[in-house]
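Line order of the protein sequences matches chains A and B. Residue numbers for the first sequence, in this note's numbering: 8 to 150. Residue numbers for the second sequence, in this note's numbering: 115 to 259. Just so it is clear, CB atoms sit at the ideal spot from N, CA and C, and this is done for glycine as well. Quantities reported herein were computed from a predicted structural model and do not represent experimental measurements.
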Amino acid sequence: MLTNSKISGSCNAEVGQELPALELRPVNRTTLALFAGASGDHNAVHIDLDFARRAGMPDVFAHGMLGMAWIGRLLTRWRPQSRLRRFDVRFQGITHLGDAITCRGKLVERLQHSGEECALIEVSATNQFGQTKIVGDAVVALG
Amino acid sequence: MDKKWIGYQLPESELAVERGRLRFFAKVIGETDPVYTEIEAARAAGYRDLPAPPTFLFAAELDSGTVNALLDTLEIPVEKLLHAEQGFTYHKPVCAGDRITVRSRIAEIYEKKGGALEFALTTSQASNDNGELVAEMRTLLVCRN
Numbered sequence: 008m009l010t011n012s013k014i015s016g017s018c019n020a021e022v023g024q025e026l027p028a029l030e031l032r033p034v035n036r037t038t039l040a041l042f043a044g045a046s047g048d049h050n051a052v053h054i055d056l057d058f059a060r061r062a063g064m065p066d067v068f069a070h071g072m073l074g075m076a077w078i079g080r081l082l083t084r085w086r087p088q089s090r091l092r093r094f095d096v097r098f099q100g101i102t103h104l105g106d107a108i109t110c111r112g113k114l115v116e117r118l119q120h121s122g123e124e125c126a127l128i129e130v131s132a133t134n135q136f137g138q139t140k141i142v143g144d145a146v147v148a149l150g
Numbered sequence: 115m116d117k118k119w120i121g122y123q124l125p126e127s128e129l130a131v132e133r134g135r136l137r138f139f140a141k142v143i144g145e146t147d148p149v150y151t152e153i154e155a156a157r158a159a160g161y162r163d164l165p166a167p168p169t170f171l172f173a174a175e176l177d178s179g180t181v182n183a184l185l186d187t188l189e190i191p192v193e194k195l196l197h198a199e200q201g202f203t204y205h206k207p208v209c210a211g212d213r214i215t216v217r218s219r220i221a222e223i224y225e226k227k228g229g230a231l232e233f234a235l236t237t238s239q240a241s242n243d244n245g246e247l248v249a250e251m252r253t254l255l256v257c258r259n
């Protein structure tokens, strides 16, 4: 059984394979207000237009961690969260109101991580105009 | 940012992981997997209670005020602040009912573009009630001058 599951795991995790993309609805103010409460990040630049303008921004904008949480969903619907070993991102651009984000992942390498067979997944979040907002990678145990 | 703060240990933060907060978080990020909202689904998946999603522990130092204290210490005005990078390394699941302690230190302070951008890297260790290391975090903040 173990051997079979390992073989089937390998078949489902080929280098070059893409994870099913996760498409999100356009970012709105309600989501940002609620995410402020849920995440604990109450920075007014994400929820108060007056504050955002005083900070030199045209409007409020999304928390970087909202985008990272969405990429987390992309990963945990591909493999259970208990298999996630590492998850690192760089916030490359500001996600604005109205941005409809698509999260993508691609298996770029099979590697050993602490003696476990793992997949290195390159991840990204881009908007409807093809502008990349977040890039990063994750290590997921295949087991 | 004064480089004298490199190595500074921030006050520790305690986060009581609660079902209600996890369900709220799951709803806001659009999570549809019942593992994150229904106890039975979580238990069927092998968790003792609702699991905290991969990025949830970032809340610990926001809730406690440690992030604000860090910004005050480094004299970063919130309107000039951006989150540049974030990383997590996972060791053990975190579930509702856990009490998580996060300990962070300022690992690096450096600048780019002749000081136009100043960076502060913090590294954190999160442990559970049993003192087990559950996750490590790495946070890079940037101040745009």
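Ends of the beta strand (DSSP E) at residue i?
i                : result
Asp147 (chain B) : Segment: none, Asp147 (chain B) is in no beta strand (DSSP E) and carries neither H nor E.
Arg198 (chain A) : With chain A covering only 8 through 150, there is no way to say anything about residue 198 (chain A).
Asp144 (chain A) : 139-148
Measuring straight from C-alpha to C-alpha, what distance separates residue i and residue j?
i                : j                : result
Pro27 (chain A)  : Arg84 (chain A)  : 9 angstroms
Leu188 (chain B) : Leu118 (chain A) : 39 angstroms
Glu112 (chain B) : Cys125 (chain A) : This structure does not reach residue 112 (chain B), given that chain B is present from 115 up to 259, and the question cannot be answered.
Glu145 (chain B) : Thr38 (chain A)  : 13 angstroms
Pro191 (chain B) : His197 (chain B) : 13 angstroms
Gly23 (chain A)  : Leu149 (chain A) : 15 angstroms
Ile14 (chain A)  : Glu123 (chain A) : Because Ile14 (chain A) carries a pLDDT of 40, less than 50, the predicted location of this residue cannot be relied on, and no value is offered for it.
Gly229 (chain B) : Lys117 (chain B) : 13 angstroms
Leu247 (chain B) : Phe58 (chain A)  : 38 angstroms
Gln135 (chain A) : Asp243 (chain B) : 44 angstroms
Leu255 (chain B) : Ala240 (chain B) : 19 angstroms
Glu250 (chain B) : Arg90 (chain A)  : 16 angstroms
Ile128 (chain A) : Glu116 (chain A) : 7 angstroms
Ser12 (chain A)  : Ala20 (chain A)  : At Ser12 (chain A), the pLDDT of 39 sits below 50, so the modelled position is not reliable and the matter cannot be decided from this model.
Thr180 (chain B) : Leu171 (chain B) : 13 angstroms
Gly47 (chain A)  : Trp119 (chain B) : 25 angstroms
Secondary structure at residue i, three-state DSSP: helix, strand or coil?
i                : result
Thr215 (chain B) : strand
Met115 (chain B) : coil
Ile286 (chain B) : An answer regarding residue 286 (chain B) cannot be provided, because it is not within the stretch 115 to 259 covered by chain B.
Thr253 (chain B) : strand
His53 (chain A)  : helix
Gln200 (chain B) : strand
Ser238 (chain B) : strand
Asp243 (chain B) : coil
Lys227 (chain B) : helix
His120 (chain A) : strand
Gln88 (chain A)  : helix
Lys206 (chain B) : coil
Glu21 (chain A)  : coil
Thr169 (chain B) : coil
Arg36 (chain A)  : helix
Could you tell me which of the options sits nearest to residue i, measuring between CA atoms?
i                : options                                : result
Met75 (chain A)  : B:Arg219, B:Gln200, B:Lys141, B:Thr237 : B:Gln200
Ala43 (chain A)  : A:Gly150, A:Glu129, A:Leu82, A:Ile54   : A:Ile54
Ala155 (chain B) : A:Asp144, A:Pro87, A:Gly112, A:Gly143  : A:Pro87
Gly105 (chain A) : A:Asp66, A:Arg60, A:Gln24              : A:Asp66
Leu114 (chain A) : A:Arg97, A:Gly122, A:Gly143, A:Ile101  : A:Gly143
Gly63 (chain A)  : A:Arg111, A:Leu91, A:Val52, A:Thr139   : A:Val52
Ile141 (chain A) : A:His120, A:Leu56, A:Gly112            : A:Gly112
Asp186 (chain B) : B:Gly245, B:Thr253, B:Arg252, B:Leu124 : B:Leu124
Met115 (chain B) : B:Leu235, B:Ala249, B:Thr180, B:Phe139 : B:Leu235
Ile143 (chain B) : A:Ile128, A:Ala69, A:Asn19             : A:Ala69
Arg162 (chain B) : B:Gly134, B:Thr203, B:Pro207           : B:Pro207
Thr169 (chain B) : A:Asn134, A:Arg80, A:Gly137, A:Gln135  : A:Arg80
Gly137 (chain A) : A:Arg60, A:Gln99, A:Gly71              : A:Gln99
Arg32 (chain A)  : A:Trp77, A:His120, A:Ser121, A:Ile101  : A:Trp77
Ala45 (chain A)  : B:Asp147, B:Arg135, B:Ala158, B:Pro165 : B:Arg135
Ala132 (chain A) : A:Ser121, A:Asp95, A:Leu41, A:Gly47    : A:Asp95
Leu195 (chain B) : B:Tyr204, B:Asn182, B:Leu129, B:Ser178 : B:Asn182
Phe138 (chain B) : B:Thr151, B:Phe202, B:Leu129           : B:Thr151
Tell me the residue span of the alpha helix (DSSP H) that contains residue i.
i                : result
Arg61 (chain A)  : 56-61
Asp177 (chain B) : 173-177
Ile78 (chain A)  : 71-83
Leu188 (chain B) : 180-188
Round the Cβ separation of residue i and residue j to the nearest angstrom and send it over; I've been treating them as touching at under 8 angstroms.
i                : j                : result
Cys94 (chain B)  : Glu232 (chain B) : The requested residue 94 (chain B) is not part of the displayed model; chain B covers only 115 to 259.
Arg93 (chain A)  : Val34 (chain A)  : Actually they are not in contact, since the Cβ atoms of Arg93 (chain A) and Val34 (chain A) sit about 27 angstroms apart, beyond 8 angstroms.
Val131 (chain B) : Asp212 (chain B) : 5 angstroms
Please determine whether the Cβ atom of residue i lies at a distance below 6 angstroms from any heavy atom of the ligand SAM.
i                : result
Ala240 (chain B) : Questions concerning the ligand SAM fall outside what the structure shown contains, since it holds no ligand whatsoever.
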